[in-house]
Structures are given as structure tokens and as C-alpha cells.
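Below: the structure, in C-alpha cells.
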Amino acid sequence: MTAEAATHPIHISCFMWGDLYTADDVNRLRAMFLRHLTAPHVFHCLTDQPDGLRDDIVVHPLPNYDFSDWDIGNARKLAVFSDDFLGLNGALLIQIDIDMVLIDNVDFLTERPEEDFLIVRGRNQSGNTRGHSALLRHRVGTMTHVWDDFVADPAAAVATCQHHRGAPGHVSDQRWLDRSIPEMAFFEEGRVVYFRQDCNAYAKHDNPEGVAAPPEGACVVSFAGKTKPQHVIDGSHLNCRHAPFIAEHWRE
């Protein structure tokens with residue numbers, strides 16, 4: 004644990020809207036941080052559905068911006084780069100997607116405090132983004148241009164950063180980050196792994212024999228794509244193998 008982490012709590016935020024995730028999913032994520040992060044921390048959830056969230060989660064409304072003419076999708080998470088986000092200017096903030104699974108100590112998230120921005124190295128199939136925005140850390144108030152430029156001209160984001168698998172006009176937050184941040188620093192390799200690529204999860208030719216398991220040294224498993232933790236906790240899903248390790252970690 005760094006000196007800053009010991010004296011100033013690190014903040015964690017997630018976003019929940021729509022019907023893809025529930026309060027139970029957020030509560031699991033919060034509980035995983037309690038088990039695996041030793042540094043003092045505060046857990047925040049930005050949502051329009053606060054019912055059922057744990058009492059130790061600080062709840063905030065979703066950012067109130069009118070993007071009705073555009074399908075911004077996950078790009079609403081870019082609000083973490085707004086000035087004084089959640090009143091936290093100067094604080095280190097971890098932004099994490101709800102479907103990430105913590106399986107070991109994640110104190111590495113507090114290391115290298117001299118870096119104002121850290122992100123997981125991207126490995127998407129299209130190969131057109133450097134960072135994986137399911138997990139990033141930045142110092143609030145230091146990179147406000149990321150959000151300010153997006154809000155000033157969302158049409159430009161739609162035109163230049165459309166998600167390669169989304170509906171027309173669906174903005175990729177990862178592509179916007181790639182465009183907005185010329186030089187990226189990354190978390191240590193091997194700490195955050197991808198379920199399909201790194202956990203023996205992919206069953207070729209739809210043959211789900213065997214089980215998925217994380218590689219040695221992994222601390223966080225990312226479920227990028229259609230297969231999520233709930234799909235493989237009890238059996239196989241699509242072309243992904245059963246992952247018994249999920250039941251051990253993806254819980255309150």
C-alpha cells in the first residue's frame with residue numbers, strides 16, 4: 004500500500020442503468036472489493052435505480068446531460084473525467100464495470116500514484132483501441148478535456164468513435180479515450196485478464212468439455228463480450244466453458 008493510499012481513501016465508482024445489471028450485481032462487486040482491497044476506500048454507484056443497494060455504497064444520480072439525439076451507450080462513463088466529479092478533485096478514482104470479477108488482492112490498483120491515468124491494456128478483436136475501459140484509474144480533475152470535448156460536440160464522437168458492433172450512432176467510450184489520450188500508461192500485465200482469451204474458456208467448435216480457470220497471478224477477470232459471470236457459474240454458455248471459480252468469488 005502506498006503512503007497516499009494509507010492516508011487518503013481511494014474512491015471506486017461504477018455505473019448502473021437499464022436492465023443489464025441489478026442491485027445484487029453491484030452489491031457483489033462492492034463485497035469483492037471489501038475482501039480484496041486492503042487500502043481504505045469509498046465505493047460509489049451512479050444509478051437511476053438505487054433500491055436494494057447496500058448501505059455502505061454511496062449512491063449518486065446519473066449525470067444529467069441531454070444526449071437524446073445520440074446513442075451514447077457506455078460513453079456516459081466518460082463523466083468520471085468531468086471537473087470535480089463527485090466532488091473529488093485531486094483524489095484517485097477507480098472506475099470499474101459491474102461485470103468484473105475480483106479473485107485476489109487488488110492493492111495494485113493503488114500503486115504508482117504518480118500516474119494520473121492507468122488503464123487495462125486493450126485486446127479487442129478489431130485492434131483499434133489501446134485501452135480497455137472496463138477498469139481504469141485516474142486523478143479526478145486532471146484530464147477534464149476528455150469529458151468537456153465530448154459534451155461540447157457529441158456529434159463528432161458519433162462520427163469518429165462509433166462502436167464497431169453497436170447500432171448506428173452508438174459511441175465507443177474506448178475509442179474516445181484512444182482519441183483523447185495520446186499517451187496511455189497501463190496496469191501491470193497479468194493482473195487483469197480476459198475470461199475468453201486467458202482463462203481456458205473458449206471451447207472450439209462449440210465443444211464445452213473441460214472447465215475455465217484463471218492463470219496464475221491474475222487478480223481481476225474481465226468479462227468483455229456477451230458471456231457474463233452468471234452465464235458460466237453453473238455450466239457452459241455459447242462457446243465458453245463452465246467456470247467453477249466464479250462461484251467462489253462472485254458473491255457478497
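Residue 188 in our numbering sits at position 185 of the sequence shown, with consecutive numbering throughout. Just so you know, even glycine gets a beta-carbon here, dropped at the ideal spot from N, CA and C.
Spatial neighbours of residue i within its chain, please: C-beta separation below 6 Å, excluding the five flanking residues on both sides.
| i | result |
| --- | --- |
| Cys17 | Cys48, Ile99, Ile101 |
| Arg124 | Phe189 |
| Ala26 | Gly55, Leu56 |
| Thr145 | Asp119 |
| Asn92 | Val143, Gly144 |
| Gly220 | Gly193 |
What number of angstroms, rounded off, separates the C-alpha of residue i from the C-alpha of residue j?
| i | j | result |
| --- | --- | --- |
| Thr10 | His44 | 10 Å |
| Ile60 | His240 | 31 Å |
| Tyr197 | Ser225 | 5 Å |
| Cys202 | Gly90 | 38 Å |
| Asp87 | Ile97 | 15 Å |
| Glu192 | Tyr68 | 36 Å |
| His252 | Arg33 | 12 Å |
| Val235 | Asn30 | 19 Å |
| Leu139 | Asp181 | 13 Å |
| Pro247 | Asp28 | 18 Å |
| Gly213 | Asp58 | 39 Å |
| Phe111 | Glu117 | 13 Å |
| Arg254 | Asp237 | 14 Å |
| Phe153 | Ile249 | 36 Å |
| Thr113 | Ala155 | 32 Å |
| Glu7 | Thr50 | 29 Å |
| Ser183 | Val161 | 14 Å |
Is it true that the CB of residue j sits closer than 8 Å to the CB of residue i?
| i | j | result |
| --- | --- | --- |
| Trp179 | Ala82 | no |
| Phe120 | Ala227 | no |
| Cys222 | Asp107 | yes |
| His245 | Ala215 | yes |
| Met19 | Gln52 | yes |
Are there 16 or more other CB atoms within 10 angstroms of the CB of residue i, so buried, or fewer, so exposed?
| i | result |
| --- | --- |
| His14 | buried |
| His135 | buried |
| Thr163 | exposed |
| Leu23 | exposed |
| Trp150 | buried |
| Ala42 | buried |
| Arg115 | exposed |
| Lys231 | buried |
| Pro185 | exposed |
| Pro157 | buried |
| Ala159 | exposed |
| Ala204 | buried |
Check the C-beta distance from residue i over to residue j and give it rounded, since I have them as a contact under 8 Å.
| i | j | result |
| --- | --- | --- |
| His63 | Leu105 | The pair is not a contact, with the Cβ atoms about 22 Å apart (cut-off 8 Å). |
| Arg142 | Leu95 | 6 Å |
| Arg126 | Gln200 | 6 Å |
| Phe84 | Thr5 | About 22 Å; that fails the 8 Å criterion. |
Among the residues of its own chain, which have a CB less than 8 Å from the CB of residue i, if the five just before and after it don't count?
| i | result |
| --- | --- |
| Phe36 | Ile15, His44, Phe46, Leu105, Val109 |
| Lys229 | Leu241 |
| Pro218 | Gly193, Val196, Asp201, Cys202 |
| Ala206 | Glu212, Gly213, Ser239, Asn242, Cys243, Arg244 |
Note down, in chain order, each residue of its chain lying with its Cβ closer than 7 Å to the Cβ of residue i, except the 5 sequence neighbours on either side.
| i | result |
| --- | --- |
| Asp176 | Asn77, Ala78, Lys80, Leu81, Ser136 |
| Pro12 | Pro43, His44, Val45 |
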